[in-house]
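Engineer: Right, I'll just put the structure down here and ask away after.
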Amino acid sequence: MRTHYCGTIRTEQIGETVTLCGWIDRRRDLGGVIFLHLRDRSGSVQFVSDPVRTPDSYHLAETLRSEYVVKITGKVYRRPEESLNARIPTGEIEIYAEQIEVLNRVQKQLPFQVSASEDETSVREDLRLKYRYLDLRRERMSANLHLRHQVIKTIRRFLEDKFNFIEIETPILTRSTPEGARDFILPSRVNLGEWFALPQSPQLFKQLLMVSGFDRYYQIARCFRDEDLRADRQPEFTQLDMEMSFMDQEEIMDLNEELICQIFKEIKHVEIPRPFPRLAYAEAMDNYGCDKPDTRFDLKLVNVSDLFKDSQFKVFSGAIASGGIVKILPISGGNQTISNVRIKPGGNLFKEATEAGAKGLAYIRVLENNEIDTIGAIKDSLTPESKQQLLTLTGAKPGDLLLFGAGDAAMVNKTLDRLRLVIGRELGLINDEQVNLLWVTDFPMFEWNADEKRLEAIHHPFTAPHPDDLSDLTTARAQAYDIVYNGTEVGGGSVRIHQREIQEQVFTAIGLSSEEAHDKFGFLLEAFDYGTPPHGGIAYGIDRLVMLLAGEESIRDVIAFPKTQQARCPLTNAPASVDAKQLKDLEVVSTYKPKAE
RNA sequence: GGGACUGUAGCUCAGUUGGUUAGAGCGCGCGCCUGUCACGCGCGAGGUCGCGGGUUCGAGUCCCGUCAGUCCCGCCA
Numbered sequence: 021m022r023t024h025y026c027g028t029i030r031t032e033q034i035g036e037t038v039t040l041c042g043w044i045d046r047r048r049d050l051g052g053v054i055f056l057h058l059r060d061r062s063g064s065v066q067f068v069s070d071p072v073r074t075p076d077s078y079h080l081a082e083t084l085r086s087e088y089v090v091k092i093t094g095k096v097y098r099r100p101e102e103s104l105n106a107r108i109p110t111g112e113i114e115i116y117a118e119q120i121e122v123l124n125r126v127q128k129q130l131p132f133q134v135s136a137s138e139d140e141t142s143v144r145e146d147l148r149l150k151y152r153y154l155d156l157r158r159e160r161m162s163a164n165l166h167l168r169h170q171v172i173k174t175i176r177r178f179l180e181d182k183f184n185f186i187e188i189e190t191p192i193l194t195r196s197t198p199e200g201a202r203d204f205i206l207p208s209r210v211n212l213g214e215w216f217a218l219p220q221s222p223q224l225f226k227q228l229l230m231v232s233g234f235d236r237y238y239q240i241a242r243c244f245r246d247e248d249l250r251a252d253r254q255p256e257f258t259q260l261d262m263e264m265s266f267m268d269q270e271e272i273m274d275l276n277e278e279l280i281c282q283i284f285k286e287i288k289h290v291e292i293p294r295p296f297p298r299l300a301y302a303e304a305m306d307n308y309g310c311d312k313p314d315t316r317f318d319l320k321l322v323n324v325s326d327l328f329k330d331s332q333f334k335v336f337s338g339a340i341a342s343g344g345i346v347k348i349l350p351i352s353g354g355n356q357t358i359s360n361v362r363i364k365p366g367g368n369l370f371k372e373a374t375e376a377g378a379k380g381l382a383y384i385r386v387l388e389n390n391e392i393d394t395i396g397a398i399k400d401s402l403t404p405e406s407k408q409q410l411l412t413l414t415g416a417k418p419g420d421l422l423l424f425g426a427g428d429a430a431m432v433n434k435t436l437d438r439l440r441l442v443i444g445r446e447l448g449l450i451n452d453e454q455v456n457l458l459w460v461t462d463f464p465m466f467e468w469n470a471d472e473k474r475l476e477a478i479h480h481p482f483t484a485p486h487p488d489d490l491s492d493l494t495t496a497r498a499q500a501y502d503i504v505y506n507g508t509e510v511g512g513g514s515v516r517i518h519q520r521e522i523q524e525q526v527f528t529a530i531g532l533s534s535e536e537a538h539d540k541f542g543f544l545l546e547a548f549d550y551g552t553p554p555h556g557g558i559a560y561g562i563d564r565l566v567m568l569l570a571g572e573e574s575i576r577d578v579i580a581f582p583k584t585q586q587a588r589c590p591l592t593n594a595p596a597s598v599d600a601k602q603l604k605d606l607e608v609v610s611t612y613k614p615k616a617e
């Protein structure tokens, strides 16, 4: 039907007669000459029609409108010198529209303009999602989906051709597991009263594939979690899931660095230096207050607990006495860039701090001659020696601002992490062009869940403890690693447990009874008895990775048909009710009562 | 489950202290225009101000409720 894609025509095709199909992007009717831009997924190209050069098509060209689907045949010409358009790849040529065939018309006014325009106005997202098929015709969305495809293609080529990985599909209908997010569940008709769950990840199946000897497995896997949505969270999302046998943590990380470098080389055309920097979890928490620090800018936290443990200032000494810490976020030149209004109640930094759980936001301003400006209670509590120590520890110089966090460690870290990011962004310390990749390693195995009064796996309960820490699992480090890209966790993995006794110990540590462990994971424990190789793996959030590569702020913009924040699809109106018969076949009754009508 | 913001023409938005006939740009329709590229110029159509209720002589504007969307907290191993 056609000979080329619209966006591919270049000066090499001058003199050729081509046939193109696509959508009318724009029509400019100058009275005696009509310019048409025809668009397909490759881009657009200009056609010309006038009564002299293209007498057969001119009257039809007058009737064309935006988004009509047409097939046009004509000869490619070099544009007149004064009409060259350097802003589009096809701007050196144009095609005389000798024959036009209308393949389909637009019958209604379009809900929004498809053709890219230079103004920055953006269409409401609910409308874009309702007419997603039109939205995806637009340049930005089309580019995002093409980019996503390129990323996945690069991954497949790299893993398959260079490292002998094979892709294996794992079940979508599986069983519900404890731990982790809420499962989506489906009633089984054949086995009434029993339920399938959609997988949160292919974790157990990929480990079993290692038992089977597949050695190097990957999958572009759809995963499901029935939790509330965010800009970077959808109920169904796509993971690059990998698992490898006979490789230790270093080897796995090494292979993955090469993969990441390949992606950045293909997509961004940049070479990322290797090895990637590594930060132990404890170090990340000390210096940045979080386990996925944005290390594109420096601002590091300083622990000053020792300095204040005997302080007269009870807010600080009291926090330490009850097991907490006091930390400082020093901001170089902060006296000038951050006003007191912002730090005091009502200010945006105060608000950030209290949202993170802080009761207030204490500060010190370092003045000329290293005098300090702060509230009296803090000033009075500092001896000249402790003041000097404070300045030395934080490296503070005249003009610097010190922001305090005091209380339990988790809250202090959360508070100062948030402040660090807000201030880093505001002060322009982040270079958007910079690509910063970082491994965070040596996570603890467990963390205390105060609500459920039990230990919880930080990664997941199949993660292997560090071999040096086997004597006490509750405080052991895990052989787990996260990959952080400019402050966002894009992937995480671990070496897995491959010995039954250790797996049972971990289940015990997280409070899973022996019966429960055997009911839910008996098949895994049994598999360990039949020759399980040492193995490990990693999973990447493809949506998140592509979002960052595309420079988008929402993963919805790199997913063809995403859900809204209320987990609905405005295009299909899913979810929806089902026939009474369907429910009856499943022996399912809804107890839901709609709110009073 | 909680907090914040948004909803006015097909789209993006403005709309003063509550006051006459609710505006603009783009899009759409018609006309003019032979080198445009966000073409230009002219004319025109197009509105249940998300929905329901209330206050008021009078509501796009104030109040209550509700629906939808976005962001965040909780939640997300």
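For the working numbering, count along the first sequence from 1 and bump the result up by 20. Just so you know, even glycine gets a beta-carbon here, dropped at the ideal spot from N, CA and C.
(1) Which of helix, strand or coil does DSSP assign to S232?
(2) Go ahead and label L457 buried or exposed: buried means 16 or more other beta carbons lie within 10 angstroms of its beta carbon, across all protein chains shown.
(3) How would you write the range of the alpha helix (DSSP H) that S534 sits in, first residue to last?
(4) Would DSSP call D261 helix, strand or coil?
(5) Would you report the Cα separation of S135 and G63, rounded to the nearest angstrom?
(6) Tell whether a beta-carbon distance below 8 Å holds between M262 and G512.
(7) Is it right to say G52 is buried, meaning 16 or more other beta carbons lie within 10 angstroms of its own, or is it exposed?
(8) Is it the case that the Cβ atoms of V432 and K347 are separated by a distance below 8 Å?
(9) What would DSSP say about A217, mapped onto helix, strand or coil?
(10) Which residues share a DSSP beta bridge with A559?
(11) Given C26, which residues of its chain have a CB within under 8 Å of its CB, disregarding the five upstream and five downstream residues?
(12) When you compare the CB positions of P350 and A416, do they come within less than 8 Å of one another, or not?
(13) Between which two residues does the beta strand (DSSP E) carrying T611 extend?
(14) Measuring straight from C-alpha to C-alpha, what distance separates E187 and P487?
(15) Taking C-beta to C-beta, are A304 and E247 nearer than 8 Å?
(16) Quick one: what does DSSP say L249 is sitting in, helix, strand or coil?
(17) Quick one, which of A484, L402 and V210 has its alpha-carbon nearest Q332's?
(18) At 3 residues or longer, and completely inside the stretch 154 to 190: list those beta strand (DSSP E) runs for me, N to C.
(19) Mind reading off the beta-carbon distance from F244 to E256? Whole number of angstroms is fine, and I expect it under 8 Å.
(20) P191: buried (16+ other C-beta within 10 angstroms of its C-beta) or exposed?
(21) If we count the other Cβ atoms within 10 Å of its Cβ and call it buried at 16 or more, is R236 buried or exposed?
(22) CB-CB under 8 Å to R85, same chain, minus the five flanking residues each way: which ones, in chain order?
(23) Within 10 angstroms of the Cβ of R564, are there 16 or more other Cβ atoms? Answer buried if so, exposed if not.
(24) Cα-Cα, which of R148, I363, D605 and F541 is closest to L421?
(25) If we call anything under 8 Å between Cβ atoms a contact, is K540 one with P198?
(26) Look at the Cβ atom of D120, then the Cβ atom of Q33, and state whether they are nearer than 8 Å.
(27) For Y78 and P131, what's the separation of their Cα atoms in angstroms?
(28) By the 10 Å Cβ neighbour count, where 16 or more other Cβ atoms means buried, how is Q586 classified, buried or exposed?
(29) Quick one: what's Y501 bridged to in DSSP?
(30) Are the stretch 504 to 521 and the stretch 549 to 556 in contact at 8 Å, needing three or more beta carbon pairs?
(31) What are the boundary residues of the alpha helix (DSSP H) that F328 is part of?
(32) Using the three-state DSSP reduction, which class does S64 fall into: helix, strand or coil?
(33) Could you spell out the range, first to last residue, of the alpha helix (DSSP H) harbouring D400?
(34) Would you check if the distance between the CB atom of Y308 and the CB atom of R440 is smaller than 8 Å?
(35) Can the beta-carbon of I240 be found closer than 8 Å to that of L260?
(36) Is it buried or exposed, A616, if we count other Cβ atoms within 10 angstroms and call 16 or more buried?
Structural biologist: Answer, in terms of the structure:
(1) In the three-state reduction of the DSSP assignment, S232 falls in the coil class.
(2) buried
(3) S534 -> alpha helix (DSSP H) spans S534 to F548.
(4) strand
(5) 11 Å
(6) No; because the gap between Cβ atoms is not below 8 Å, this pair is not in contact.
(7) exposed
(8) yes
(9) Three-state DSSP puts A217 in a strand.
(10) Bridge pairing for A559: D261 and G512 [DSSP].
(11) L40, G42, L58, R59, D60, S62, G63, S64, V65 and T110
(12) yes
(13) Neither: T611 is in no beta strand (DSSP E) and is coded neither H nor E.
(14) A direct Cα-to-Cα measurement between E187 and P487 gives close to 31 Å.
(15) Contact flag unset, no.
(16) DSSP places L249 in coil when its eight states are reduced to three.
(17) Of the candidates A484, L402 and V210, the residue whose Cα lies closest to the Cα of Q332 is L402.
(18) none
(19) 5 Å
(20) exposed
(21) R236 is buried by the Cβ-count criterion.
(22) I44, R47, R125 and V126
(23) Classification for R564: buried.
(24) I363
(25) yes
(26) A small fix is needed here, since residue 120 is Ile in this sequence, not Asp. No, the pair does not count as a contact, with Cβ atoms beyond the cut-off.
(27) 28 Å
(28) exposed
(29) T461 and G513
(30) yes
(31) S325 to F328
(32) strand
(33) G396 to S401
(34) yes
(35) yes
(36) A caution first: A616 carries a pLDDT of 45, below 50, which makes its placement in the model too unreliable to give a value.
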